[in-house]
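Structure first, then comments.
As structure tokens, this is what we get:
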């Protein structure tokens, strides 16, 4: 429903003009208690407006401001209207602050700009011709403004999401009103934060709930790139979640990996590293690039029937010869690290460009190990972080194959 809130003064014409021009379902007429000797009184003007509204079959409600010169008195009345609207399915509120005292107009603007639970249009009816008291007569012009504090807040949320600042966007979004459009933006902010924090299952619960709405918002071209990225995750995210569940079973239960989308996991880890790079978190970018390569090696081992978390050496063909080449004559490891996992993989499933893969991995490993987040005290600059991600992508192409590696485009968000 659409609502008109109008401040009433000593002339009815501007408000009637607004009522006739705006197709609204409910009208609030807010008038100040009359001053001694005031003529006509705002109450009488409100009655004239109400009668015209009824002729147009519009519902009206009246609210009196006890002291129209007192800021708190005015603000309290408009806050009560906000409370009324919170329980209604309101799509738009038009606030006409032409009449009444300046205090009433200021209070109306302040309250609805900062607290309205829906789209707000501010309206002022003016004109060149006025009577001796300064009231508008004839040929009135309606001037409108659509920007509100809530819209500014929503824009801020979108800006942070598009800048990969997902947690900040999520926290700011909590200040948005609980209406359909803004609930979508709040939920999307939460989902992207969870996704970026590797909480893929929780993220997809939210994404699946708001996915249909996202399709509609894409066509409406609202909230920037947010809706299209919700749609993107909805298309790929459930596949990744199934792969993650399969990997957890392999790690915890020693199960065989049977999911066909396991490659999405290391690719998403690398996409996460790319986001860290764009945010200027260079050491974090390197750590995630390293983890992406490790996940790719783990996946390839699983695809070759080797569980890197619980290696059954006896089941590996020619395991004695392989152990000898790996340097494990006695007590072979039950768990594989990235490096010995890569070595084993190269023996059971020959890797093209193996030396290049090792060189690229060595570059990433050195940066990681020497950083303050791992074993050293060295810093990581943008250039080296970017090199790490490029080298990790080259490794992905070798280990996963070009076709699967290209699917990183499907997990990149806000790219």
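In our numbering, the protein residues as written are 35 to 449.
Where a beta carbon is used, it is the ideal one built from N, C-alpha and C, also for glycine.
Using DSSP with H/G/I as helix, E/B as strand and the rest coil, what is residue 278? When secondary structure is reduced to three states using DSSP, residue 278 falls in the helix class.
Rounded straight-line distance, which links the Cα of residue 110 to that of residue 122: C-alpha separation (whole angstroms): 19 Å.
Local Cβ density within 10 Å of residue 41, reported as buried at 16 or more and exposed below that: With a 10 Å radius around the Cβ and a threshold of 16 neighbouring Cβ atoms, residue 41 comes out buried.
Hey, would you say residue 267 sits closer than 7 Å to residue 234, going by beta carbons? Note that the C-beta distance between residue 267 and residue 234 is not below 7 Å.
Under 7 Å Cβ to Cβ from residue 332, same chain only, skipping five residues before and after it: list those, please. Here the set comprises 342, 375.
Cut-off 8 Å between Cβ atoms - residues of its own chain near residue 298, not counting five sequence neighbours on either side: The answer, listed in chain order, is 270, 273, 274, 277, 441, 444, 445.
Backbone secondary structure at residue 128 - three-state DSSP: DSSP places residue 128 in the strand class (E or B) of the three-state scheme.
Suppose you measure from the CA of residue 115 to the CA of residue 184; what does that come to, to the nearest Å? The alpha-carbon of residue 115 is positioned some 17 Å away from that of residue 184.
Are three or more beta carbon pairs between the region 306-317 and the region 414-428 nearer than 8 Å? With a cut-off of 8 Å, the region 414-428 and the region 306-317 count as touching, because enough Cβ pairs lie within range.
Quick one: what's residue 61 bridged to in DSSP? Answer is 38, 94, bridged to residue 61.
Would you call the region 218-229 and the region 237-247 in contact, with 3 or more CB pairs under 8 Å? With contact defined as three or more Cβ pairs closer than 8 Å, the region 218-229 and the region 237-247 are in contact.
Counting Cβ pairs closer than 8 Å, one from the region 138-157 and one from the region 98-110, do we hit at least three? Touching, per the Cβ criterion.
The beta strand (DSSP E) spanning residue 153 covers which residue range? Residue 153 -> beta strand (DSSP E) spans 153-160.
Report the residue from 45, 447, 38 whose alpha carbon sits nearest the alpha carbon of residue 258. Measuring C-alpha to C-alpha distances from residue 258 to each of 45, 447, 38 identifies 447 as the nearest.
By Cβ distance below 8 Å, which residues in the same chain neighbour residue 209 in space, the five residues on each side in sequence not counted? Residues of the same chain with a CB within less than 8 Å of the CB of residue 209, apart from the 5 flanking positions on each side, are 187 in chain order.
Endpoints, alpha helix (DSSP H) assigned at residue 353: Bounds of the alpha helix (DSSP H) holding residue 353 are 353-360.
So the candidates are 150, 136, 304; which of them puts its Cα closest to the Cα of residue 128? Answer by Cα proximity: 150.
Find out if the Cβ-Cβ distance for the pair residue 50, residue 79 is shorter than 7 Å. Annotated as distal: residue 50 and residue 79, with beta-carbon spacing of 7 Å or more.
Touch test, the region 370-387 against the region 401-411, Cβ-Cβ under 8 Å, three pairs minimum: With a cut-off of 8 Å, the region 401-411 and the region 370-387 do not count as touching, because too few Cβ pairs lie within range.
Does residue 449 come within less than 7 Å of chain C when only Cβ atoms are used? Among the chains of the structure shown, chain C does not appear; only one protein chain is present.
Is it the case that the Cβ atoms of residue 206 and residue 191 are separated by a distance below 7 Å? With contacts defined as CB atoms closer than 7 Å, residue 206 and residue 191 qualify as a contacting pair.
Could you check if residue 296 is buried or exposed, using at least 16 other CB atoms within 10 Å of its CB as the buried criterion? The residue is buried, with at least 16 neighbouring Cβ atoms inside 10 Å.
I'd like the span of the alpha helix (DSSP H) that includes residue 251, first residue to last. For residue 251, the enclosing alpha helix (DSSP H) stretches over residues 234-254.
If you draw a straight line from the alpha carbon of residue 431 to that of residue 439, how long is it in whole angstroms? Our two residues, residue 431 and residue 439, have alpha carbons roughly 5 Å apart in a direct line.
If we ignore side chains and look at the alpha-carbon of each, how far apart do residue 86 and residue 217 end up? So the two alpha carbons sit approximately 37 Å from each other.
Start-to-end residues for the alpha helix (DSSP H) that takes in residue 89: Run containing residue 89: 76-89, per the alpha helix (DSSP H) assignment.
Looking at the strands, I want to know which residues DSSP matches up with residue 412. Beta-bridge pairing links residue 412 to 405.
Segment limits, alpha helix (DSSP H) that includes residue 121: Counting along the chain, residue 121 falls outside any alpha helix (DSSP H), and DSSP gives it neither H nor E.
Rounded to the nearest angstrom, what separates residue 162 and residue 45 at their Cα positions? Low local confidence applies: a pLDDT of 46 at residue 162 is under 50, so the model's placement there is unreliable, with the coordinate-based value given in what follows. Taking the straight line from one Cα to the other gives about 16 Å.
Cut-off 8 Å between Cβ atoms - residues of its own chain near residue 68, not counting five sequence neighbours on either side: For residue 68, where only same-chain residues beyond five positions count, the Cβ hits under 8 Å are 75, 76, 77.
Spell out the partners DSSP gives residue 43 in its beta bridges. Under DSSP, residue 43 takes part in no beta bridge, so it has no partner.
Going by alpha carbons, who is nearest to residue 134 out of 328, 303, 63, 200? Ranking 328, 303, 63, 200 by Cα distance to residue 134 puts 63 first.
Residue 164, DSSP secondary structure in three states: Because residue 164 sits at a pLDDT of 46, beneath the cut-off of 50, its placement in the model cannot be relied upon, and the following sentence gives the value as read from the coordinates. Of the three classes helix, strand and coil, the one that applies to residue 164 here is strand, per DSSP.
Taking DSSP's pairing of strands, which residues face residue 66 in a bridge? In the DSSP assignment, residue 66 is bridged to 99.
Keeping to the same chain, check which residues put their C-beta closer than 7 Å to that of residue 289; ignore five residues upstream and five downstream. In its chain, beyond the 5 residues on either side, 283 have a beta carbon closer than 7 Å to the beta carbon of residue 289.
Is the separation between the beta-carbon of residue 395 and that of residue 328 shorter than 7 Å? No. Outside cutoff.
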